[in-house]
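In mature numbering (1 follows the signal peptide of the UniProt record, and there is no 0), the protein residues as written are -27 to -1, 1 to 219.
C-beta atoms are modelled at their ideal positions from N, C-alpha and C, and glycine is treated no differently.
A short write-up of the structure that comes next.
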Amino acid sequence: MVKLNNKYVCLSLILIFLVVVSGYVFAQQAAANSTGEIRRQVDDKMERHQWEININIGPLLKLGTSSAWANPYLIKRNLGREAKYGALRFMVSPVSIHRRQVSENDTNGIWYDAKSSYFQPMASFGYERQIMKGRFMFYYGADIAWRLESDKFKDDNYRDAKNPNLPNGKLLIKSHQNSFWAAPLIGGKYYLNHRFTIGLESQLQFVYSKKVQQEVYKGVRTTQTRVNAFEILHYPYYMLNLSYNL
């Protein structure tokens, strides 16, 4: 029996959805316009609006993502006319998570009061050149981006597993990472109508990151790790965007 990859199945369903929706749109136009008018609308370029809001629907369709860096959304400001089509691209996405876990062991009376926090702001800015052919648009360009990952774990009643006979103490683990990258990109999209489009984007990212992690137990720093890294990351499937044009 042949096993089908869930990602390919979902992408096939998306393609079928596009064909069905396009047929429905054309059928509506046929009811309201003459055959010549329909042909003119299909062959002519679609209307470009000033603003475009893109939502990355890959995770929503359970396709996952090839990168943890993928934008959850993207805003574009379309510029230019005819052969000089282009757009500014930008995104700002703060993420903040706080957790507290309290547990108690009834056998020996040991209790834990662990708190953790996670802060991950991210921002990107770029530019793309656009080429329109009927209902299709192809584009290429580049982004520059920054991302901070700040983690903190704190337990006020931590027991050292290596020395179980010692009294419990405070444990603090902190991690701080800054990442910067530049990314040439290429993509394409299809206009369902002049308001909605669906498209796929690929990126090649050049990433530099610097990370510092510390562990402090009972007020004494026990470990500290520093990591500087440079990576080249290729993402054929970076974002699957559903966009609305304002």
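- [ ] Look up R102 in the DSSP assignment and give the residues it is bridged to.
- [x] G59, Y113
TODO: Let me know if L(-24) comes out buried or exposed under the rule of 16 or more other beta-carbons within 10 Å of its beta-carbon.
DONE: Its pLDDT being 44, under 50, L(-24) is placed unreliably in this model, and the coordinates cannot settle the point.
TODO: Determine the extent of the beta strand (DSSP E) in which M212 is found, giving its start and end residues.
DONE: 193 to 218
Open item on the list: Can you tell me whether H167 is helix, strand or coil according to DSSP?
Closed with: coil
Task: Inter-residue Cα distance where the pair is V65 and S89 - done: 24 Å
Task: Other residues of its chain near K147: CB distance less than 6 Å, five sequence neighbours each side excluded - done: K125, Q187
Open item on the list: Excluding the 5 residues flanking K106 on each side, which residues of the same chain have their C-beta closer than 7 Å to its C-beta?
Closed with: none
Open item on the list: Using the Cβ count rule (16 or more neighbours within 10 Å means buried), how would you classify Y217?
Closed with: exposed
Open item on the list: Between which residues of its own chain and T196 is the CB-CB distance below 6 Å, once the five residues before and five after are set aside?
Closed with: E188
TODO: Within its chain, find whatever has a CB closer than 8 Å to the CB of Y46; leave out the 5 residues flanking it on each side and keep chain order.
DONE: I26, N27, I28, N29, M64, S66
Open item on the list: I need the DSSP call for E20, collapsed to helix, strand or coil.
Closed with: coil
Open item on the list: Quick check: Y131 and S175, are their CB atoms within less than 8 Å of each other?
Closed with: no
Task: For V68: DSSP bridge partner residues - done: According to DSSP, which records beta bridges pairwise, V68 is partnered with nothing at all.
Task: Start and end residues, beta strand (DSSP E) containing I48 - done: 46 to 52
Open item on the list: Using only the alpha-carbon positions, how far apart do L145 and K184 sit?
Closed with: 17 Å
Task: Reference V193; option with closest CA among W119, K143, R102 - done: K143
Open item on the list: Rounding to the nearest angstrom, what Cα-Cα distance links A155 and E204 in this structure?
Closed with: 11 Å
Open item on the list: Helix, strand or coil, according to DSSP, for G107 in the structure here?
Closed with: coil
Open item on the list: At the level of alpha carbons, what is the spacing between W24 and G99?
Closed with: 15 Å
Task: DSSP-derived helix/strand/coil call for P157 - done: strand
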